[in-house]
Amino acid sequence: MKVPLFDIAAQNQVFGERLLASVRRVVESGRFILGREVARFEREAARFLGASYAVGCSSGSDALVLALQALGVGPGDEVVTTPFSFFASVESILRVGARPRFVDIHNDTFALDPNGLEAALTPRTRAILGVHLYGCPGAVEAWRAAADAAGLPLIEDAAQAFGARSAKRALGTFGQVGCFSFQPTKPLGAWGDAGLVVTDDAELAARLARLRTHGASSKHLHEEAGGNYRLDAVQAAVLAEKLDSLPNFLTARKERAEAYDAAFVGLAALSTPPRPAGADQSYALYTVRVTDGRRDALARFLAEHGIETAVHYPLPLHRQPALLALGLGLDWTALPNAERAAEQVLSLPLYPELSFDQLDHVARTVRQFFEAP
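For the sequence shown, position 168 (counting from the first letter as 1) is numbered 169 according to my numbering, and the numbering increases by one without interruption.
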């Protein structure tokens, strides 16, 4: 039995003609960038999240750049962040000319450990950027408390966490700015790249909207230098069509995650994803820890049985060549929790359309690997 890590085609079949109709509406309008479809999605996304303002943009990566630019982070500044995330989290800091300052992750959530924040702050620190990895809430209230105590803004990288909540509040709405990705494999996925920035600050929202369009306040009137970070109308139309179904999709993801959890009880060398108190996860990824040094062997065994897996992420950010070349890397012993996670994590197939027969095949194959004599 073949089990892909993601199955975007299966979700397209769920919506059938509805998504094609939404694209056809854009084609017939002749308005392909920003416009009515983007404004509609921004309104509906803000309402869904409980945010005052939402600004659509070209990708989750560009959402982070927009957030940093809008907050005035630039050359000579430092941003405290995690060493364990997709490269875009740290790349956004480099793109605005600032420097990352890493704090190790918490072993349970894979997210920024708030206990290390105070010691990492310097006179050059201009923001804290926390990442909710795999759709699991990090210690966001502690991040915000540390940021407030230092008079700094908190940026939430919630690229994998649209729809996830902590204490019944949407991730991305705890900080001054929240950033989301709608890359096709995300819980709410577009038909290409797309992103969103949310805030409760009207002035900040207006600046974000300017910056995504070359800093223009009106046509041919540029208040500052920004970039071309506009959201395509086609992507906005697809996202708006899917948004109403997202709660059902999140429920389906949770049900499958719980089925995996139950199937893996008793496997001493495998740790299932954490369940922080008061959290409603998006389960963008179902990522386990393999603690006996056989992570790669397990991945090969699953591949031999038709099961696709992935490692998110095999090399911590502070060890990436791009940072080492800039003198911004750290020795491999500096952030042990991140190093350990990179050696142990493995993402298994999980998406709303994953059948329970497929899930059972994955679970039985995992158990077969660990229980073999």
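Where a beta carbon is used, it is the ideal one built from N, C-alpha and C, also for glycine. All figures in this text were calculated on a predicted structure; none of them were measured in a lab.
Cα-Cα separation between residue i and residue j, rounded to whole angstroms
{"i": "P274", "j": "R26", "result": "41 Å"}
{"i": "G139", "j": "G164", "result": "14 Å"}
{"i": "H221", "j": "L212", "result": "13 Å"}
{"i": "H319", "j": "R125", "result": "19 Å"}
{"i": "L189", "j": "F183", "result": "6 Å"}
{"i": "R254", "j": "E225", "result": "43 Å"}
{"i": "R166", "j": "G36", "result": "30 Å"}
{"i": "A120", "j": "E29", "result": "56 Å"}
{"i": "S23", "j": "Y135", "result": "29 Å"}
{"i": "R145", "j": "V132", "result": "13 Å"}
{"i": "R44", "j": "P315", "result": "37 Å"}
Residue i Cβ short of 7 Å to the ligand PLP heavy atom set
{"i": "E225", "result": "Although the ligand PLP was asked about, the structure shown includes no ligands whatsoever."}
Distance CB(residue i)-CB(residue j) smaller than 8 Å
{"i": "G430", "j": "A64", "result": "This structure cannot speak to residue 430, because the chain is shown only from 2 to 374."}
{"i": "F265", "j": "P353", "result": "no"}
{"i": "F371", "j": "L268", "result": "yes"}
{"i": "E340", "j": "P322", "result": "no"}
{"i": "V74", "j": "V80", "result": "yes"}
{"i": "A71", "j": "L244", "result": "no"}
{"i": "I129", "j": "A112", "result": "no"}
Outcome for residue i when other beta-carbon atoms lying within 10 angstroms are tallied against a minimum of 16
{"i": "P350", "result": "buried"}
{"i": "D332", "result": "exposed"}
{"i": "S86", "result": "buried"}
{"i": "K169", "result": "exposed"}
{"i": "G77", "result": "exposed"}
{"i": "P84", "result": "buried"}
{"i": "D8", "result": "buried"}
Close-in-space but distant-in-sequence residues of the same chain around residue i (CB under 8 Å, 5 per side omitted)
{"i": "R32", "result": "E38, A234"}
{"i": "A300", "result": "T310, V312, L347"}
{"i": "A270", "result": "V291, T292, D293, R295, F371"}
Neighbourhood of residue i by C-beta, 6 Å cutoff - its chain only, sequence neighbours within 5 removed
{"i": "A1", "result": "Shown here, the chain extends from 2 to 374; a query on residue 1 therefore has no answer."}
{"i": "S62", "result": "A89"}
Residues near residue i by beta carbon distance below 7 Å, same chain, minus five either side
{"i": "A68", "result": "I156, V178, C180, V198"}
{"i": "T174", "result": "L50, G51, A52, V199"}
Do three or more CB pairs link the region 84 to 101 to the region 234 to 251 at distances below 8 Å?
-> The region 84 to 101 is not in contact with the region 234 to 251.
Can at least three beta-carbon pairs, one atom from the region 151 to 163 and one from the region 99 to 112, be found at a separation below 8 Å?
-> At 8 Å Cβ cutoff, the stretches do not touch.
Are the region 247 to 259 and the region 278 to 290 touching by the rule of at least three beta carbon pairs closer than 8 Å?
-> A contact is defined here as three or more CB-CB pairs under 8 Å, and the region 247 to 259 meets this definition with respect to the region 278 to 290.
Counting pairs of Cβ atoms below 8 Å between the region 301 to 315 and the region 352 to 368, do you hit three or more?
-> Yes, since at least three Cβ pairs between the region 301 to 315 and the region 352 to 368 fall closer than 8 Å, the two stretches touch.
Is the region 42 to 55 in contact with the region 197 to 209, if contact means three or more CB pairs nearer than 8 Å?
-> As far as the Cβ criterion goes, the region 42 to 55 touches the region 197 to 209, which means the pair count is three or higher.
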